[in-house]
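Working notes, structure below.
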Amino acid sequence: MGAYKYMQEIYRKKQSDVMRFLLRIRAWHYRHLSKLHRAPRPSRPEKARRLGYKAKQGIVIYRVRVRRGGRKRPVAKGATYGKPKSHGVNQLKPT
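Quick note: my numbering has the sequence shown finishing at residue 1154, numbered continuously throughout.
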């Protein structure tokens, strides 16, 4: 088996000690970066290669932070109309 195959097997067992440690360290590291950040290389090279990534000039990798939850309701100056049940603005979740 090649190296990429071993990496693929590690990612299949996400509850293993190795994977839990790796994901915890990566999450800590990503929290300290800006929300848009150019990565020097893919964090999962075997998956990137399967999706067509080549390590050559002109191909770049960016990592973008996605906000948690649903979306904020677009309301002018926070003015909502109707019953209090439909007054939510911030904590909307997709249902």
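Positions of the beta carbon are idealized from the N, C-alpha and C atoms, including for glycine.
Remember, predicted model here, so these are calculated numbers, not experimental data.
Here the alpha carbon of ALA1062 sits roughly 26 Å from the alpha carbon of TRP1087. Put simply, of MET1078, HIS1091, ARG1085 the residue whose alpha carbon is nearest the alpha carbon of PRO1101 is ARG1085.
Look at ALA1114 here: in three-state DSSP terms it is coil, with no helix or strand label. In the same chain as GLN1067, and ignoring 5 residues on each side of it, the C-beta atoms closer than 7 Å to its own belong to GLU1105, in chain order. The alpha-carbon of TYR1065 is positioned some 28 Å away from that of GLY1117.
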